[in-house]
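In case it helps, the numbering used here puts the sequence shown at residues 15 to 742.
As structure tokens, the structure follows; a few thoughts come after it.
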Amino acid sequence: MPRLQFLRTAFVLFFVMTIGSPAFSQDQPATSVLDARVEMFMQQSLQKRAAGQEQTPRMLDALIHSRDQQNRLLLHLFIRTTDQGASLSALEGVQITGTYGDIIAARVPADHLSQLATMPAVQRVEAMNRLRPGNNEANEDTGVNQLHAVESAEFPNGYKGEGVIIGVIDTGIDIRHNDFRDENGTRIIYLRETNDEGTTVWSADDIDNNPESVTQVDTDGHGTHVTGTAASSNPEFLGVAPMAEIIAVKTDFSDGDIVAGVEFVFNKADSLGMPAVANLSLGGHYGPHDGTSLSDLALSSLTGPGKVIVAAAGNEGSDMLHTTHDAQGNAPDSGSYTLLDYWEGYSVIAAYFDDPADVNLGIHVYYNGQDFYSESWGAGDGFNSEDIAITDDFSVAVSGETATTEGIHEILIQAEYEVTEESGIDQDSLEVYLYAYGSGRFNAWVLQGDWFSEYEDANLNIIGGNTDLTVGQPATSRSVIAVGSHVTRASWTSASGDNWGGDASVGDISGFSSIGPSRDGRILPHITAPGQFIGSAMSQDIPAEDIDDRFTLDGGLHMIQQGTSMATPHVAGIVALMLQANPLLSSLEARDILQTTARNDEFTGAVLPNNIWGAGKVDAFTAVTQTATSIDEGYLETSPVVAQLYPNYPNPFNPATVIRYDIDAPGEVTLSVYNSIGQQVATLVQNSLQSAGSYRVSFDGSALSSGVYMVKLQTSGGIQTRMMTLLK
15 MPRLQFLRTA
25 FVLFFVMTIG
35 SPAFSQDQPA
45 TSVLDARVEM
55 FMQQSLQKRA
65 AGQEQTPRML
75 DALIHSRDQQ
85 NRLLLHLFIR
95 TTDQGASLSA
105 LEGVQITGTY
115 GDIIAARVPA
125 DHLSQLATMP
135 AVQRVEAMNR
145 LRPGNNEANE
155 DTGVNQLHAV
165 ESAEFPNGYK
175 GEGVIIGVID
185 TGIDIRHNDF
195 RDENGTRIIY
205 LRETNDEGTT
215 VWSADDIDNN
225 PESVTQVDTD
235 GHGTHVTGTA
245 ASSNPEFLGV
255 APMAEIIAVK
265 TDFSDGDIVA
275 GVEFVFNKAD
285 SLGMPAVANL
295 SLGGHYGPHD
305 GTSLSDLALS
315 SLTGPGKVIV
325 AAAGNEGSDM
335 LHTTHDAQGN
345 APDSGSYTLL
355 DYWEGYSVIA
365 AYFDDPADVN
375 LGIHVYYNGQ
385 DFYSESWGAG
395 DGFNSEDIAI
405 TDDFSVAVSG
415 ETATTEGIHE
425 ILIQAEYEVT
435 EESGIDQDSL
445 EVYLYAYGSG
455 RFNAWVLQGD
465 WFSEYEDANL
475 NIIGGNTDLT
485 VGQPATSRSV
495 IAVGSHVTRA
505 SWTSASGDNW
515 GGDASVGDIS
525 GFSSIGPSRD
535 GRILPHITAP
545 GQFIGSAMSQ
555 DIPAEDIDDR
565 FTLDGGLHMI
575 QQGTSMATPH
585 VAGIVALMLQ
595 ANPLLSSLEA
605 RDILQTTARN
615 DEFTGAVLPN
625 NIWGAGKVDA
635 FTAVTQTATS
645 IDEGYLETSP
655 VVAQLYPNYP
665 NPFNPATVIR
675 YDIDAPGEVT
685 LSVYNSIGQQ
695 VATLVQNSLQ
705 SAGSYRVSFD
715 GSALSSGVYM
725 VKLQTSGGIQ
735 TRMMTLLK
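Here's what the structure looks like:
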């Protein structure tokens, strides 16, 4: 998957380091329904208006926006309401573009933000985010080839995805490519494109009989390649589900359009009476990384029986994007610090923490033996900006914004400065840190620009960045299947006959594959699949200047790409085979089967699941055969129970804690506890038939040693896990 563009969503601390901006603060409610980016934009607008300035606030660059026919600025937002958006009709010029349960997708005139924020029915407002898209050996590795050869009276062609829809929400598709055709014509039954002109839908009849009417082209090639991996019918580059029907959605990569694209796939599947799996080989890092962003929740609301979503974990497994501290001290000079690596002089940082933590964050500049501290931002502090003078000719302007929703606090930071000859600054002597003080744990991600440094010094309370919690959204959504990448190929022969290779060991995890857990402690990714040096269909619409001959195969009809983007369609294709066996399979059920049938080997190790491999390597043959068997065993005789496992309290604990969970329907429940090497240490509830409701279970760890333990809740709707820490 090409490098992810960082998302811009909820709970973020935002500092702006520029030269010479004035000090400014704006009163605002301690708890705002607006996320930090939207709130920051509104406050910057007020700041510029007060100063008599007409230029657009800088934060607008981080917001997806457009103009209506009256040239009014429209912000593209997700809005959670209690009235299905009815109250929004009071705002002139609002355009509602989608409804997902209690979450509304809308375009709202910017001058209505303050009114929107005070509406009683509005519970939360989040800016939409701009995402970007991140094989014979592979099919042998996953066991897909075996499934293609399995024949039965019910499936005489074997398991090849017949009767199932694969929806690919991506950069589009090359409709002329023979890998997506059979003897009857195109297998692309619908093609949807969203651009500045609106949304257009073409049918298979348009593609076969009036191809000139189809104006969509895939000039990037990512979507064509991904679709080929999932569903190509070319025997030389056979996809996982070569008889599946295809719906291609060319997205504008706002997460609002991505949610709408998934909804389009599932609605078309419903109209045809077919199950469907949606492939999301895309992602980013704006957001709380815990499944609570409105875009993650909207995606979860679309899943159900016969509706499965598979998403790429991300390609940041070797990037120092993340840091976490247990805040300490009561002032900036008594706290902890993480150094930013200078290479661009620009960073956007998002930080999150939960009640009852009380964390304060800011910027610390160290230059020529002197310390300089920005104002700090904590829960409910709102917007503020100030100048920090480092020398007479070099200053740093710092702005901050905070927001709070349901006990989750966000702080958004943008840091920008330029070391020039005129500034007189010695770059080697300039160090810029994120500082933290207070109490409780926070997590922070660099979203743009300079990453965190791995430099650590315990004596100075300097804590390095790390590659943990680099699985991005939407893979953090609680109802999707998150996919990491492992290696099945180390070299290839290009169309010119030259041999090429990379630094990869066949069988090992891909170095770029993002690492979990989620911020709320769930093990991620769920599974891994082949994603490195994958050969698949190449779009003929890629401009010649963008083609690298080293990666072209088969006369330019196929190409090599790599990333968790390439791993994801392997799993989406396998899910299509599972849906062929059981058309009522849900995301949670498919995920459970994929995890319980995953393979381990000398590369994964025996201690699984973990936050590198998830449950291990995907095993298509066992997963599909277990899916088929589960029908005979009555696996779906009753509707799956939807359950919610909450964080234990207190946490950390010694020696006892309380675990709370909800179930929405009667069903069997098992609640168990595992240690850090995967051994079960306690069974708190064993196959108990429980009524719908809320439950509290006490756990006593007196007989256990200090450490991190995993709580696992298992119902017919799937498995949920939480991490808890025993400190004696």
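We put the beta carbon where it would ideally sit given N, CA and C, even for glycine.
Query                                                                                                                              : Result
Same chain only: Cβ atoms within 6 angstroms of G630, ignoring 5 sequence neighbours per side                                      : A612, R613, N614, T618 and L622
Distance, V136 Cα to S35 Cα                                                                                                        : Its pLDDT being 33, under 50, S35 is placed unreliably by the model, and the measurement read from it follows with that caveat. Taking the straight line joining both Cα atoms gives about 33 angstroms.
Rounded C-alpha distance that separates L483 from E211                                                                             : 37 angstroms
As assigned by DSSP and simplified to three states, the class of A706                                                              : coil
With 16 other Cβ atoms within 10 Å as the buried cut-off, status of A244                                                           : buried
Which residues DSSP lists as bridging A364, in chain order                                                                         : L426 and W459
Check whether I495 and I691 have beta carbons under 9 angstroms apart                                                              : no
Spatial distance of M142 from S730 (CA atoms)                                                                                      : 33 angstroms
Nearest-angstrom Cβ-Cβ length linking D355 and D471, presumed shorter than 8 angstroms                                             : Wrong, their Cβ atoms sit about 15 angstroms apart, outside the cutoff.
C-alpha gap between S101 and T697, whole angstroms                                                                                 : 48 angstroms
Extent of the continuous alpha helix (DSSP H) to which I626 belongs                                                                : Here I626 belongs to no alpha helix (DSSP H), and DSSP marks it neither H nor E.
Whole runs of the beta strand (DSSP E) within the segment 493-581, excluding any shorter than 3 residues                           : 495-501, 505-507, 513-515, 541-546, 548-551 and 572-575
Unbroken alpha helix (DSSP H) run spanning N223, endpoints                                                                         : A218 to N223
With 16 other Cβ atoms within 10 Å as the buried cut-off, status of D440                                                           : exposed
C-alpha distance - D284 paired with S217, whole-angstrom precision                                                                 : 16 angstroms
Inter-residue spacing [alpha-carbon to alpha-carbon] between M133 and A50                                                          : 18 angstroms
Inter-stretch contact (C-beta, 8 angstroms, three-pair minimum) for the segment 439-456 and the segment 376-391                    : yes
Boundaries (first-last residue) of the alpha helix (DSSP H) holding T610                                                           : S601 to T610
Contact set for V699: own chain, Cβ-Cβ below 7 angstroms, skip 5 residues either direction                                         : V683, T684, L685 and V711
Cα-Cα separation, I523 to H500                                                                                                     : 4 angstroms
Spatially closest choice to T610 from L599, Q640 and E616, by CA coordinates                                                       : Q640
For D385, the nearest candidate out of V373, F408 and P346 (CA to CA)                                                              : P346
Proximity below 9 angstroms, CB of M257 to CB of G320                                                                              : no
Top-ranked residue by Cα proximity to N159, from F55, I733 and I588                                                                : I588
Classification of T233 by the beta-carbon crowding that lies within 10 angstroms, buried from 16 upward                            : exposed
Unbroken beta strand (DSSP E) run spanning G112, endpoints                                                                         : Q109 to Y114
Helix, strand or coil at R51 [DSSP, three-state]                                                                                   : helix
Beta-carbon contacts of A586 that lie in its chain and below 7 angstroms, excluding the five residues immediately before and after : I180, A244, V291, N293 and V324
Any 3 or more C-beta pairs closer than 8 angstroms across the segment 548-566 and the segment 503-510                              : yes
Candidates G270, N329, G318 and S453, of which the one nearest T481 by Cα                                                          : N329
Cα-Cα separation, R503 to V520                                                                                                     : 6 angstroms
Per-residue burial, L727 [other beta carbons within 10 Å of its own, 16 or more giving buried]                                     : buried
Boundaries of the alpha helix (DSSP H) in which L311 is found, first to last residue                                               : L308 to L316
K282, buried or exposed, once every other Cβ within 10 Å from all chains shown has been counted against 16                         : buried
Alpha-carbon to alpha-carbon, H299 and Y469                                                                                        : 23 angstroms
I677 vs Y723 beta-carbon contact at 9 angstroms                                                                                    : no
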